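Add 850 to the 1-based position in the sequence shown for our numbering, that's all there is to it. Ideal placement from N, C-alpha and C gives every residue a C-beta, glycine not left out. Everything numeric in this text was worked out from a predicted model, so none of it was measured. Inspection log for the structure reproduced underneath, given as C-alpha coordinates.
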Amino acid sequence: MTNIAVTLETHIRDGAESERMSLTEKGRFFRKGDMDVVTFREHPEDRDPVDTMVTIKPGHVSIKRSGGVEMRQLFEPQAETQNAYVHEYGKLFMTTWTENLEYQAPGENESGELFIEYQLTVNDDVTQKHQLKLTLEEDSE
(Lines of atoms letter the chains of each structure in order from A and count residues from 1; the text may use other names and numbers.)
(Lines give C-alpha, C1' and ligand atoms only; values in the text may rest on other atoms or scores of the structure.)
Protein backbone atom coordinates (compact mmCIF):
# COMPACT_ATOMS: atom_id res chain seq x y z
CA MET A 1 0.00 0.00 0.00
CA THR A 2 1.12 3.50 -0.80
CA ASN A 3 0.12 6.67 1.04
CA ILE A 4 -1.35 9.17 -1.41
CA ALA A 5 -3.00 12.58 -1.58
CA VAL A 6 -6.39 12.23 -3.29
CA THR A 7 -7.99 15.22 -5.01
CA LEU A 8 -11.62 14.74 -6.03
CA GLU A 9 -13.14 17.33 -8.38
CA THR A 10 -16.74 17.18 -9.55
CA HIS A 11 -18.66 19.33 -11.99
CA ILE A 12 -22.45 18.94 -12.15
CA ARG A 13 -24.61 20.57 -14.83
CA ASP A 14 -28.38 20.65 -14.46
CA GLY A 15 -29.79 22.63 -17.38
CA ALA A 16 -28.40 26.16 -17.11
CA GLU A 17 -27.16 25.63 -13.54
CA SER A 18 -23.66 24.42 -12.79
CA GLU A 19 -21.90 23.40 -9.57
CA ARG A 20 -18.23 22.59 -8.95
CA MET A 21 -16.80 20.94 -5.87
CA SER A 22 -13.28 19.96 -4.90
CA LEU A 23 -11.71 18.22 -1.92
CA THR A 24 -8.29 16.85 -1.05
CA GLU A 25 -7.80 14.06 1.48
CA LYS A 26 -5.10 11.63 2.51
CA GLY A 27 -5.64 8.12 1.22
CA ARG A 28 -4.14 4.77 0.30
CA PHE A 29 -3.46 3.11 -3.05
CA PHE A 30 -2.73 -0.50 -3.89
CA ARG A 31 -2.67 -2.74 -6.94
CA LYS A 32 -3.75 -6.37 -7.07
CA GLY A 33 -3.42 -7.99 -10.50
CA ASP A 34 -5.32 -5.84 -13.02
CA MET A 35 -7.22 -4.01 -10.26
CA ASP A 36 -6.25 -0.72 -8.61
CA VAL A 37 -7.89 0.32 -5.34
CA VAL A 38 -8.00 3.81 -3.79
CA THR A 39 -9.37 4.43 -0.30
CA PHE A 40 -9.87 7.72 1.52
CA ARG A 41 -12.14 9.38 4.07
CA GLU A 42 -14.19 12.45 3.14
CA HIS A 43 -14.90 15.00 5.87
CA PRO A 44 -18.01 16.91 4.70
CA GLU A 45 -19.05 20.00 6.64
CA ASP A 46 -21.78 19.41 9.24
CA ARG A 47 -22.03 15.67 8.41
CA ASP A 48 -20.47 12.40 9.48
CA PRO A 49 -17.27 11.31 7.71
CA VAL A 50 -17.69 9.14 4.61
CA ASP A 51 -15.30 6.30 3.78
CA THR A 52 -14.77 5.99 0.03
CA MET A 53 -13.31 3.06 -1.89
CA VAL A 54 -12.69 3.33 -5.63
CA THR A 55 -12.01 0.05 -7.45
CA ILE A 56 -10.61 0.40 -10.97
CA LYS A 57 -10.44 -2.47 -13.48
CA PRO A 58 -10.11 -2.30 -17.27
CA GLY A 59 -13.45 -0.90 -18.53
CA HIS A 60 -15.05 -0.85 -15.08
CA VAL A 61 -14.99 1.50 -12.07
CA SER A 62 -16.87 1.03 -8.80
CA ILE A 63 -17.21 3.74 -6.15
CA LYS A 64 -18.43 2.60 -2.75
CA ARG A 65 -19.18 5.14 -0.02
CA SER A 66 -20.14 4.29 3.56
CA GLY A 67 -20.60 6.17 6.80
CA GLY A 68 -22.64 9.37 6.58
CA VAL A 69 -24.09 8.02 3.31
CA GLU A 70 -24.31 4.56 1.71
CA MET A 71 -23.77 4.22 -2.02
CA ARG A 72 -22.24 1.91 -4.60
CA GLN A 73 -22.02 3.37 -8.07
CA LEU A 74 -20.80 1.45 -11.12
CA PHE A 75 -19.33 2.97 -14.26
CA GLU A 76 -18.87 1.06 -17.52
CA PRO A 77 -18.26 2.96 -20.78
CA GLN A 78 -21.37 3.29 -22.97
CA ALA A 79 -23.46 1.32 -20.46
CA GLU A 80 -26.31 2.04 -18.06
CA THR A 81 -26.13 0.91 -14.43
CA GLN A 82 -28.67 1.04 -11.59
CA ASN A 83 -27.62 2.15 -8.11
CA ALA A 84 -29.05 3.41 -4.82
CA TYR A 85 -27.94 6.28 -2.60
CA VAL A 86 -28.98 6.15 1.06
CA HIS A 87 -28.59 9.23 3.26
CA GLU A 88 -30.11 10.65 6.42
CA TYR A 89 -33.29 11.76 4.60
CA GLY A 90 -34.02 8.50 2.77
CA LYS A 91 -33.15 6.47 -0.31
CA LEU A 92 -32.71 7.69 -3.89
CA PHE A 93 -32.59 5.43 -6.93
CA MET A 94 -30.00 6.37 -9.52
CA THR A 95 -29.48 5.40 -13.15
CA THR A 96 -26.00 6.14 -14.48
CA TRP A 97 -25.08 6.31 -18.18
CA THR A 98 -21.28 6.44 -18.53
CA GLU A 99 -20.24 8.45 -21.58
CA ASN A 100 -16.47 8.41 -21.07
CA LEU A 101 -14.05 6.71 -18.69
CA GLU A 102 -10.28 7.34 -18.76
CA TYR A 103 -7.67 6.10 -16.31
CA GLN A 104 -3.95 6.64 -16.02
CA ALA A 105 -2.47 4.63 -13.15
CA PRO A 106 0.06 6.36 -10.91
CA GLY A 107 3.64 5.43 -11.75
CA GLU A 108 7.12 6.04 -10.47
CA ASN A 109 7.16 9.77 -9.61
CA GLU A 110 4.00 10.28 -11.71
CA SER A 111 0.53 11.12 -10.49
CA GLY A 112 -2.46 9.05 -11.56
CA GLU A 113 -5.81 10.30 -12.82
CA LEU A 114 -9.31 8.89 -13.20
CA PHE A 115 -11.78 10.88 -15.31
CA ILE A 116 -15.44 9.92 -15.74
CA GLU A 117 -18.17 11.74 -17.69
CA TYR A 118 -21.67 10.46 -17.05
CA GLN A 119 -25.36 11.30 -16.94
CA LEU A 120 -27.15 10.65 -13.67
CA THR A 121 -30.92 10.29 -13.41
CA VAL A 122 -32.36 10.34 -9.89
CA ASN A 123 -35.70 8.60 -9.18
CA ASP A 124 -36.51 8.51 -12.94
CA ASP A 125 -36.98 12.28 -12.75
CA VAL A 126 -34.00 14.64 -12.74
CA THR A 127 -31.10 14.05 -15.17
CA GLN A 128 -27.80 15.85 -14.66
CA LYS A 129 -24.48 15.76 -16.50
CA HIS A 130 -21.53 14.93 -14.24
CA GLN A 131 -17.77 15.03 -14.58
CA LEU A 132 -15.60 13.40 -11.94
CA LYS A 133 -11.83 13.73 -11.79
CA LEU A 134 -9.76 11.88 -9.20
CA THR A 135 -6.06 12.78 -9.01
CA LEU A 136 -3.68 10.51 -7.09
CA GLU A 137 -0.30 11.80 -5.95
CA GLU A 138 2.23 10.04 -3.77
CA ASP A 139 2.19 11.49 -0.25
CA SER A 140 5.62 11.56 1.35
CA GLU A 141 4.32 12.49 4.81
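Opposing strand residues paired with residue i [DSSP bridges]
i: HIS861; result: ARG870 and GLN981
i: MET944; result: ASN933 and VAL972
i: ALA855; result: LYS876 and GLU987
i: VAL904; result: VAL888 and ILE913
i: ASN959; result: Answer is none; ASN959 lacks a bridge partner.
i: GLU938; result: According to DSSP, GLU938 bridges with nothing at all.
i: VAL923; result: Note that residue 923 is Gln in the sequence shown here, rather than Val. ILE913, per the DSSP bridge assignment.
i: GLU952; result: PHE965
Where the beta strand (DSSP E) through residue i begins and ends
i: ASP992; result: Look at the range of the chain in this structure, 851 to 991, and you will see that residue 992 is not part of it.
i: GLN969; result: 962-972
i: ARG897; result: Careful: ARG897 lies outside any beta strand (DSSP E) and carries neither H nor E.
With 16 other Cβ atoms within 10 Å as the buried cut-off, status of residue i
i: LEU858; result: buried
i: PRO956; result: buried
i: GLN923; result: buried
i: PHE943; result: exposed
i: LEU873; result: exposed
Same chain, Cβ closer than 6 angstroms to residue i, neighbours up to 5 away in sequence not counted
i: HIS861; result: ARG870 and GLN981
i: PHE890; result: VAL856, GLU875, GLY877 and THR902
i: ARG897; result: GLY918
i: PRO899; result: ARG891, HIS893 and GLY917
i: ILE906; result: ASP886 and TYR953
i: HIS910; result: GLU926
i: MET921; result: ARG915 and TYR935
Neighbourhood of residue i by C-beta, 8 angstroms cutoff - its chain only, sequence neighbours within 5 removed
i: MET851; result: ARG878, PHE879 and PHE880
i: ASP884; result: LYS907 and PRO908
i: ASN959; result: GLU988
Nonlocal neighbours in the same chain, by C-beta distance under 7 angstroms from residue i, ignoring five residues either side
i: GLU989; result: Checking the displayed sequence, the identity of residue 989 turns out to be Asp instead of Glu. Excluding sequence neighbours, ASP989 sits near ASN853, ILE854, ALA855 and LYS876.
i: ASN791; result: There is simply no residue 791 to check, as the chain begins at 851 and stops at 991 in what is shown.
Chain D contact for residue i (CB, 9 angstroms cutoff)
i: LYS914; result: Of the chains in the structure shown, none is chain D; there is only one protein chain.
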